[in-house]
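Numbering (my numbering), first residue to last: -11 to 319. We put the CB at the ideal spot given by N, CA and C, even for glycine. The structure appears below as structure tokens.
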Ligand code: DP6
């Protein structure tokens, strides 16, 4: 096998992961739940590179800009190169690897490009190095995926809706029984620029917030309620929990030392608009990851109306419409 291509979706967290109890092992304090995003995809090709002795990762951004990732430039980049090394070592192989990866959506602005990127990279590497024990075992593959630097990448391996489970110092992803709830996610782009603080840095500040303990105290319950709502196809309960969890996580972010503000006034305009439209009978809910862009959730019956209203809102630059989709896979 000379080359392998994997595709992985980004995901939006319904119950979010914020804070790491072990920085080295990239170990979240608690579980999380997300939905895959069918139109926010990373496509990654891994090739053996006989010409050189070093690995190379080349990222093509959604706007066509090409970036050779420099391992010295950020911890995130370093961890991606370490992931190549780790998987090559597990396979007891020696070949250099060349990675070409492409994002269909803006990176580093709250749409989880490191989740889709980490999942696609790990899967492509396991395939090219023929690590069948990992390819056939989601628990093993997800635990390995996490080490790329983004724990949320584990959820991009799942189909439709994914869950991260944390049991002591074990952490893995599992599929959530596919809900019949037909959900649509609209990524509302209000600011495609890269955020000022990475999530990796942000996770390390969570413990400095006086609200973090309160969040930890309620998160297990919220995870259960979220799964129940998915199971019972109860969109109203699900949406309410999703908004609560978003505000809970951002409260921790904003009260950490130093404080982190990922949402901005444009995000806030969308949050207020969603609440207003909901009061007028267009049932929809917002959530925001570590970035200014807003994710709006609705059922298909309200999609056309919401899309029209969002496009008519001055701060909206673009929309990406997503449904739950297949997790990372080889093409
Ligand atoms: C706010 O460290 O897994 O999106 O943000 O993509 O670098 P990146 O990944 P990670 O942190 C995710 C934080 C979050 C919440 C979530 O997705 O659970």
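Which listed residue (the options) has its alpha carbon closest to that of residue i
| i | options | result |
| --- | --- | --- |
| residue 5 | 129, 208, 163 and 86 | 208 |
| residue 114 | 64, 55 and 32 | 32 |
| residue 174 | 240, 262 and 75 | 262 |
| residue 376 | 303, 75 and 250 | The structure shown has nothing for residue 376, since the chain only spans -11 to 319. |
| residue 182 | 239, 268, 93 and 80 | 93 |
| residue 313 | 279, 299, 87 and 22 | 22 |
| residue 289 | 269, 148, 91 and 79 | 269 |
| residue 7 | 219, 66, 188 and 153 | 188 |
| residue 52 | 130, 298, 96 and 90 | 90 |
| residue 41 | 128, 81, 198 and 131 | 81 |
| residue 14 | 130, 251 and 250 | 130 |
| residue 303 | 277, 133 and 253 | 253 |
| residue 196 | 219, 245 and 292 | 245 |
| residue 24 | 148, 128, 152 and 307 | 148 |
DSSP-derived helix/strand/coil call for residue i
| i | result |
| --- | --- |
| residue 136 | coil |
| residue 81 | coil |
| residue 211 | helix |
| residue 273 | strand |
| residue 125 | coil |
| residue 287 | coil |
| residue 279 | coil |
| residue 303 | coil |
| residue 44 | strand |
| residue 240 | helix |
| residue 216 | helix |
| residue 248 | coil |
| residue 61 | coil |
| residue 163 | strand |
| residue 37 | coil |
| residue 157 | coil |
| residue 191 | helix |
| residue 317 | strand |
| residue 320 | The structure shown does not extend to residue 320, since the chain spans only -11 to 319, so no value can be given for it. |
Neighbourhood of residue i by C-beta, 6 Å cutoff - its chain only, sequence neighbours within 5 removed
| i | result |
| --- | --- |
| residue 225 | 217 |
| residue 211 | 3 and 19 |
| residue 83 | 36 |
| residue 286 | 172, 272 and 294 |
| residue 248 | 185, 190 and 241 |
| residue 146 | 161, 163 and 315 |
| residue 168 | 221 |
| residue 236 | 203 |
| residue 103 | -2, -1, 138, 140, 141 and 144 |
| residue 44 | 86 |
| residue 1 | 20 and 22 |
| residue -7 | 33 and 319 |
| residue 267 | none |
| residue 54 | 48 |
Residues of its chain near residue i, where Cβ-Cβ distance is below 8 Å and the 5 sequence neighbours each way are ignored
| i | result |
| --- | --- |
| residue 12 | none |
| residue 301 | 257, 258 and 261 |
| residue 126 | 145, 146, 160, 161, 162 and 163 |
| residue 228 | 273 |
Neighbour-count burial assignment, residue i, 16 or more Cβ in a 10 Å radius
| i | result |
| --- | --- |
| residue 60 | exposed |
| residue 213 | buried |
| residue -9 | exposed |
| residue 231 | buried |
| residue 179 | buried |
| residue 157 | exposed |
| residue 64 | buried |
| residue 161 | buried |
| residue 275 | buried |
| residue 150 | buried |
| residue 233 | buried |
| residue 358 | Examination of residue 358 is not possible in this model, given that the chain is present from -11 through 319 alone. |
| residue 194 | buried |
| residue 106 | buried |
| residue 299 | exposed |
| residue 198 | exposed |
| residue 201 | exposed |
| residue 279 | buried |
| residue 110 | buried |
Whole-angstrom C-beta distance between residue j and residue i, which should lie under 8 Å
| i | j | result |
| --- | --- | --- |
| residue 99 | residue 34 | Residue 99 to residue 34, Cβ: 23 Å. No contact. |
| residue 319 | residue -5 | 6 Å |
| residue 136 | residue 68 | 6 Å |
| residue 310 | residue 27 | 5 Å |
| residue 108 | residue 30 | 5 Å |
| residue 251 | residue 297 | Contact flag wrong, Cβ pair sits at about 20 Å. |
| residue 307 | residue 177 | 7 Å |
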